[in-house]
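Under the UniProt record's numbering, the sequence shown has 267 at position 267, and the numbering climbs by one with no breaks. Idealized CB from N, CA, C, for every residue including glycine. Written below as structure tokens is the structure these notes are about.
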Amino acid sequence: MYEPDPRIDPRYAPERIARELDWNLLRTFVVLAEAHSVTEAAQRLRLKQPSVSSALKKLEDRIGRKLIDRSPGHFALTDAGRLLYREAVDIHGSILRLSTLLREMTDEVQGHVKVAVASHVVCPLFDRVLAEFHEEYPRASLSIDVYSSAEAIAEVAAKRASFAVCLVRDHNPKLEYRRLYREFFGLFCGPRNPLFGRTGLTREDLAGHTSVSFETDRLHDVLKPVTMMRAEAALGDRITGVSSHLEEVRRMIVAGIGIGPLPVHVAARDVSDGLLFQVPPYDTLPAIDVHVVWNPHTVKNRAEELLLNGLQKAIEETPIEDRTYAPELRSPE
């Protein structure tokens with residue numbers, strides 16, 4: 001039997017909070033914390049701003065802690081707010097999955113799998129696993145949403161995605177990681193660039209040219225090796241375009257906005273079609289690992305379990321050499 005702690009104000013006793021806390025207040029708080037604005041949160045929730053502010057006040061009164069510091073031009077979670085956000089995201093994700101799990105309890109596998117992927121993921125092994133999964137479980141459904149790698153991992157941590165396929169900078173101890181494949185990045189220019197089609201190019205020829213790149217192309221981020229490659233080619237200081245999506249980085253390169261990095265195996269077709277041209281360096285290209293990331297604390301439906309297990313099995317049975325896209329594409333010298 002629960003014995004109340006005499007040191008705790010009865011209004012904030014754990015038993016009372018667990019019994020009386022409105023889960024909708026937690027949902028509103030999660031959206032508010034992610035939106036960083038009462039106005040934006042109200043729009044996402046389709047509520048009036050006073051309703052969102054009132055929900056925050058009720059939650060703070062129930063918890064007994066100030067959760068958000070707000071003033072004109074300032075919006076920040078307090079220490080208590082950050083702690084509650086981490087727990088609330090986990091709780092909210094579990095609640096969202098309950099109805100889905102119960103609805104999908106049938107003899108036939110027909111659950112839904114939501115995969116969060118980084119924009120540059122091109123992996124025949126992953127494609128084969130998806131094809132085999134669909135052939136065996138045709139009633140199961142699949143959605144693939146494109147995010148930045150950091151956003152993809154956040155979706156998995158929040159239990160909003162079944163798993164992610166993305167780059168990894170820091171390992172969250174609450175998540176599981178498995179390397180799916182390794183790719184190599186090269187530098188490319190488009191037809192409007194004066195270096196396009198030239199033979200005998202060296203790194204020195206790139207000096208002074210503008211460049212485009214990914215938002216994660218920074219010394220402290222997942223594409224640090226690519227940052228170093230650009231810097232060695234004297235392309236580090238003049239970034240004229242950035243995007244978190246490979247398709248848009250490619251678009252800017254083709255349009256002549258700047259020289260930029262792309263996975264060599266992804267750019268191969270555009271090189272063959274005359275839309276891209278690889279420039280130095282040609283050797284010792286930076287290697288980037290792409291991982292499968294999942295949350296072991298997420299209760300998965302059968303479709304999610306089967307697809308994730310199938311992907312892990314394919315990784316285990318395929319040597320890393322066969323999951324590495326070597327930098328064989330080269331422009332004429």
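### Query
When the Cα atoms are used, what is the spatial distance from Tyr181 to Asp322?
Their Cα atoms are separated by approximately 9 Å.
### Message
Excluding the 5 residues flanking Ser37 on each side, which residues of the same chain have their C-beta closer than 8 Å to its C-beta?
### Response
So the qualifying residues of the chain are Phe75.
### Query
Between the Cα of Leu308 and the Cα atoms of Arg46, Phe184, Val113, Leu59, which residue gives the shortest distance?
It is Val113 whose Cα lies nearest to the Cα of Leu308.
### Anticipated Cβ contact below 8 Å, Val168 with His297, distance rounded
Their Cβ separation, rounded to whole angstroms, is 18 Å, which puts Val168 and His297 out of contact at 8 Å.
### Message
I'd like to know whether the C-beta atoms of Phe188 and Leu125 end up nearer to each other than 8 Å.
### Response
No, these two residues do not count as a Cβ contact at 8 Å.
### Query
According to the Cβ coordinates, are Ser213 and Val249 closer than 8 Å?
Against a cut-off of 8 Å, the Cβ pair of Val249 and Ser213 comes out as a contact.
### Query
From Ser149 to Val264, what does the alpha carbon distance come to, in whole angstroms?
Straight-line spacing of the CA atoms in Ser149 and Val264 works out to 19 Å.
### Message
With a threshold of 8 Å on Cβ separation, who are the neighbours of Leu195 within its own chain once the five nearest residues in sequence on each side are excluded?
### Response
The beta carbon of Leu195 is closer than 8 Å to those of Cys189, Leu201, Asp205, Leu206, His209, Ile259, Phe277, Val279 in its chain, skipping five residues each way along the sequence.
### Query
What's the C-alpha gap between Asn295 and Arg302?
For Asn295 and Arg302, the gap between their C-alpha atoms comes out near 15 Å.
### Query
Mapping DSSP to helix, strand and coil, what is Leu219?
The predicted position of Leu219 is uncertain, since its pLDDT is 48 and thus under 50; a value taken from the coordinates is nonetheless stated next. Reduced to three states, the DSSP call for Leu219 is coil.
### Query
At which residues does the alpha helix (DSSP H) containing Asp127 begin and terminate?
The continuous alpha helix (DSSP H) containing Asp127 extends over residues 124-136.
### Query
Can you give the Cα-Cα distance for Pro6 and Ile63, rounded to whole angstroms?
A caution first: Pro6 carries a pLDDT of 47, below 50, which makes its placement in the model too unreliable to give a value.
### Close-in-space but distant-in-sequence residues of the same chain around His92 (CB under 7 Å, 5 per side omitted)
So the qualifying residues of the chain are Leu26, Arg27, Val30.
### Message
Taking only three categories from DSSP, how would you classify Pro6?
### Response
Low local confidence applies: a pLDDT of 47 at Pro6 is under 50, so the model's placement there is unreliable, with the coordinate-based value given in what follows. Here Pro6 sits in coil by DSSP.
### Task
Quickly, what does DSSP pair Ala282 with across the bridge? List them, please.
Checking the displayed sequence, the identity of residue 282 turns out to be Tyr instead of Ala. Beta-bridge pairing links Tyr282 to no other residue.
### Task
Within its chain, find whatever has a CB closer than 6 Å to the CB of Leu142; leave out the 5 residues flanking it on each side and keep chain order.
For Leu142, where only same-chain residues beyond five positions count, the Cβ hits under 6 Å are Val113.
### CB-CB length for Pro72 against Phe185, believed under 8 Å
About 44 Å separates the two Cβ atoms, so there is no contact after all.
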